[in-house]
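Asks: Dropping the structure in here first, questions after.
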Amino acid sequence: MITLRISATLLFFGAVNLITACGGSGHNANENLTSDTMPTSKTSSVLQQKYGNADGKEITQYTLKNAGGMEVKLINYGGTITNIMVPDSSGNFGDVVLGFDSMDGYLKKENPYFGCITGRYANRIAKGKFSIDGKSYQLPINNNGNTLHGGINGFNRKFWDAELLPGDSSIKFSYLSKDGEEGFPGNCKVEVKYSLSQNNELKIEYTATTDKPTAVNITNHSYFNLSAGKDSTILGHEIFINADKYVAVDNELIPTSELLPVKGTSMDFTVPATIGSDIAKVAGGYDHTYVLNKKSTTEPELAVTVLDPNSGRYMELFTTEPGVQFYSGNFLDGSLTGKNGMKYVKNGGLALEAQHFPDSPNQPSFPNTILRPGETFNQATIYKFSVKK
Ligand code: BGC
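Per our numbering, the sequence shown runs over residues 73 to 461.
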């Protein structure tokens, strides 16, 4: 079984160095190899190959693969998901995330956070200001007078250490965000583990610890288009969001503090509906945090489902987080050229960012996002892929 799978990899990637040591302890993923494969169990493997350079460091691409052929490719720049290959209802594999063909694209300042880990604080902090225990902090401003996704050089622009893990095809990225980085207090140690199961589930588990009280909100910023390049927009996708309320925002997308009911409005996806059906009635398009209907804060629960009726591809999102940002790719405008020369037009992809609510450090009524020494931030989110005929 292992031999067969490795042969396929050999054919696909050309010259390959096989690592014989497997199972047992983790494997240092940053060795200076062009391309190699680590069998992580009898049915899974992780392949690594050189992808490019950033800030003088070599960037590696890792491919998680399961027995059914699903693949997830990631790079250690931004802990970014570059590709997710899943089958449609006829068994044809296609790449369902937006991104670029090479490192150059990911380095562009116009890169709209494709596939990356966002932090230290995902989404907006009003005017980049907050205070903890009476001490005020000022973050860099990068979005209409506010701070978006952790500032100018957030987690998405960092080099992450990588370690391959045994068992399911999985990889752990680690990053130490130093005290004062982008204005945030405390040395914050972050780990993000991506695992691919045999059931086509991509699980992302995040932990963070700190040595000073700090604000933490970490998520993944993949943009999905389940047509895998066949349809230029996601307006025909059907979405269900398990939320009776959403976080109301002002015209700078800063929360007003109100949690408004979705019922009877264009925000209501408690019954699956086509994204395009009401989007014109929502100023700017969907870019809102939904307040998930939840029973648990420790077990991932069903939050969102998305169906592309044409390809039959179906995605379910489960999370431990209290909210999910449904962003319908409103700021994509056709100026970015992505994979295979594709122009990413408005609504070309949708992001579903499992997270705490925006601007929580300034919103006492929202679930807490202040992490203190001795505590561990934990979040787990699963993207599960299947088909519906
Ligand atoms: C935000 C959008 C923002 C986008 C950046 C999303 O998480 O909600 O407002 O434009 O990230 O790519």
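All C-beta atoms, glycine included, are put in the ideal place defined by N, C-alpha and C.
For the ligand BGC, any of its heavy atoms closer than 7 Å to the Cβ of D359?
Replies: As a working mapping, residue 359 is identified with position 287 in the sequence shown. Proximity of the beta carbon of D359 to the ligand BGC is indicated: a heavy atom of the ligand is located closer than 7 Å.
Asks: What is the residue span of the beta strand (DSSP E) that Y123 lies within?
Replies: Translated into positions along the sequence shown, residue 123 becomes position 51. Counting along the chain, the beta strand (DSSP E) containing Y123 begins and ends at S117 to A126.
Asks: Is A423 close to the ligand BGC? I mean its beta-carbon at under 7 Å from any heavy atom of the ligand.
Replies: Here residue 423 refers to the residue found at position 351 when the sequence shown is read from its first residue. Yes, since a heavy atom of the ligand BGC falls inside the 7 Å radius drawn around the Cβ of A423.
Asks: Indicate the three-state DSSP secondary structure (helix, strand or coil) for A315 in the structure shown.
Replies: Here residue 315 refers to the residue found at position 243 of the sequence shown. It is a strand residue.
Asks: Measure the CB-CB distance between G177 and N155 and report whether it falls below 8 Å.
Replies: Counting from one through the sequence shown, the residue named residue 177 turns up at place 105. Counting from one through the sequence shown, the residue named residue 155 turns up at place 83. Cβ distance not < 8 Å, so G177 and N155 don't count as in contact.
Asks: Rounded to a whole number of angstroms, what is the C-alpha to C-alpha distance between S241 and Y455?
Replies: Your numbering for residue 241 matches position 169 in the sequence shown. Your numbering for residue 455 matches position 383 in the sequence shown. Answer to the nearest angstrom: the Cα atoms are 15 Å apart.
Asks: Excluding the five sequence neighbours on either side, which residues of its own chain have a C-beta within less than 6 Å of the C-beta of G348, listed in chain order?
Replies: Here residue 348 corresponds to residue number 276 of the sequence shown, with the count starting at 1. These residues qualify, in order along the chain: L307.
Asks: Going straight from the alpha carbon of A426 to that of T370, what length do you get?
Replies: As a first step, residue 426 must be located in the sequence shown, where it is residue number 354. As a first step, residue 370 must be located in the sequence shown, where it is residue number 298. For A426 and T370, the distance between alpha carbons rounds to 14 Å.
Asks: Could you tell me the distance, in whole angstroms, from the CA atom of V319 to the CA atom of F341?
Replies: Residue mapping note: residue 319 aligns to position 247 of the sequence shown, counting from 1. Residue mapping note: residue 341 aligns to position 269 of the sequence shown, counting from 1. Computed Cα separation, rounded: 14 Å.
Asks: Who are E273's beta bridge partners in DSSP?
Replies: By one-based count along the sequence shown, residue 273 stands at place 201. For E273, which the question treats as bridged, DSSP gives the partners K456.
Asks: Identify the residues that DSSP records as bridge partners of Y416: which are they?
Replies: In the sequence shown, counting from the first residue as 1, residue 416 sits at position 344. BP columns for Y416 are empty, so no partner.
Asks: Since F165 sits in a beta bridge, which residues does DSSP pair it with?
Replies: For this step, residue 165 is matched to residue 93 along the sequence shown. P159, per the DSSP bridge assignment.
Asks: Mapping the DSSP letters down to three states, classify M387 as helix, strand or coil.
Replies: Taking the sequence shown and counting its residues from 1, one reaches residue 387 at position 315. In this structure, M387 counts as strand in the three-state DSSP scheme.
Asks: Please confirm whether F398 and Y358 have their CB atoms less than 8 Å apart.
Replies: Stepping through the sequence shown from its first residue, residue 398 is reached at position 326. Stepping through the sequence shown from its first residue, residue 358 is reached at position 286. Yes.
Asks: When DSSP labels each residue in this structure, what does F256 get in the three-state scheme?
Replies: Mapped onto the sequence shown, residue 256 falls at position 184. Of the three classes helix, strand and coil, the one that applies to F256 here is coil, per DSSP.
Asks: Have a look at L331 and K366 and give me their C-alpha separation to the nearest angstrom.
Replies: On the sequence shown, position 259 is the one that residue 331 refers to. On the sequence shown, position 294 is the one that residue 366 refers to. Going from the Cα of L331 to the Cα of K366 covers about 15 Å.
Asks: Going by DSSP, which residues form a beta bridge with G301?
Replies: If you number the sequence shown from 1, residue 301 lands on position 229. In the DSSP assignment, G301 is bridged to no other residue.
Asks: Candidates L119, G356, K145 and Y149: which alpha carbon is nearest E130's?
Replies: Taking the first residue of the sequence shown as 1, we reach residue 130 at position 58. Selected option, being the one with the closest Cα: Y149.
Asks: Do Y266 and F186 come within 8 Å of each other at the CB atom, strictly closer than that value?
Replies: Position 114 of the sequence shown, counted from the first residue, corresponds to residue 186. Position 194 of the sequence shown, counted from the first residue, corresponds to residue 266. It is not a contact, given that the beta carbons lie outside the stated cut-off.
Asks: If G410 and V417 are in contact, beta carbons under 8 Å, what's the gap, nearest whole angstrom?
Replies: By one-based count along the sequence shown, residue 410 stands at place 338. By one-based count along the sequence shown, residue 417 stands at place 345. Wrong, their Cβ atoms sit about 11 Å apart, outside the cutoff.
Asks: So is the beta-carbon of Q397 under 7 Å away from any non-hydrogen atom of the ligand BGC?
Replies: For the purposes of this step, residue 397 is taken as the residue at position 325 of the sequence shown. True, at least one ligand heavy atom lies under 7 Å from that Cβ.
Asks: Which residue's Cα is closest to the Cα of I197: L248, Y134 and L220?
Replies: Taking the sequence shown and counting its residues from 1, the one referred to as residue 197 is at position 125. Distance check between I197 and each of L248, Y134 and L220 places L220 closest, using alpha-carbon atoms only.
Asks: Note the first and the last residue of the continuous alpha helix (DSSP H) segment covering Y247.
Replies: What you label residue 247 is simply residue 175 of the sequence shown in a count that begins at 1. Unbroken run through Y247 is the beta strand (DSSP E), S241 to S249; no alpha helix (DSSP H).
Asks: Check whether the Cβ of N228 sits closer than 7 Å to any heavy atom of the ligand BGC, and report yes or no.
Replies: The count along the sequence shown starts at 1 and reaches residue 228 at position 156. Checking the Cβ of N228 against the ligand BGC gives no.
Asks: Does the Cβ of F403 lie closer than 7 Å to at least one heavy atom of the ligand BGC?
Replies: The residue you call residue 403 lines up with position 331 of the sequence shown. For the ligand BGC, at least one heavy atom lies less than 7 Å from the Cβ of F403.
Asks: If contacts are defined as beta-carbon pairs under 8 Å, then E263 and K284 qualify, I think. What distance do you get, rounded to the angstrom?
Replies: Residue numbering aside, residue 263 sits at position 191 when the sequence shown is read from its first letter. Residue numbering aside, residue 284 sits at position 212 when the sequence shown is read from its first letter. In fact, because the Cβ distance is near 19 Å, the residues do not count as touching under 8 Å.
Asks: Rounded to whole angstroms, what's the CA-CA distance from E447 to R192? Just pull it up for me.
Replies: As a first step, residue 447 must be located in the sequence shown, where it is residue number 375. As a first step, residue 192 must be located in the sequence shown, where it is residue number 120. Rounded to the nearest angstrom, the two C-alpha atoms are 16 Å apart.
Asks: Can you tell me whether L248 is buried or exposed, with buried defined as 16 or more other CB within 10 angstroms of its CB?
Replies: Translated into positions along the sequence shown, residue 248 becomes position 176. L248 is exposed by the Cβ-count criterion.
Asks: Give me the DSSP bridge partner(s) of V396.
Replies: In the sequence shown, counting from the first residue as 1, residue 396 sits at position 324. According to DSSP, V396 bridges with Y362 and A426.
Asks: If we count the other Cβ atoms within 10 Å of its Cβ and call it buried at 16 or more, is S368 buried or exposed?
Replies: Taking the first residue of the sequence shown as position 1, residue 368 is located at position 296. Result: exposed.
Asks: Quick one: using the 10 Å Cβ neighbour count with 16 as the cut-off for buried, is P372 buried or exposed?
Replies: On the sequence shown, residue 372 is found 300 positions in, with the first residue counted as 1. Classification for P372: buried.
Asks: Take the Cβ of G222 as the centre, count every other Cβ of all protein chains shown within 10 Å, and call the residue buried at 16 or more, exposed below.
Replies: Locating residue 222 in the sequence shown gives position 150, where the first residue counts as 1. G222 comes out buried.
Asks: Going by beta-carbon coordinates alone, are A280 and K261 separated by less than 8 Å?
Replies: Mapped onto the sequence shown, residue 280 falls at position 208. Mapped onto the sequence shown, residue 261 falls at position 189. Contact flag set, yes.
Asks: What number of angstroms, rounded off, separates the C-alpha of K335 from the C-alpha of D316?
Replies: If you number the sequence shown from 1, residue 335 lands on position 263. If you number the sequence shown from 1, residue 316 lands on position 244. Rounded to the nearest angstrom, the two C-alpha atoms are 7 Å apart.
Asks: Comparing C-alpha positions only, which one of S458, A423, L408 and F429 sits nearest to K181?
Replies: If you number the sequence shown from 1, residue 181 lands on position 109. Ranking S458, A423, L408 and F429 by Cα distance to K181 puts L408 first.
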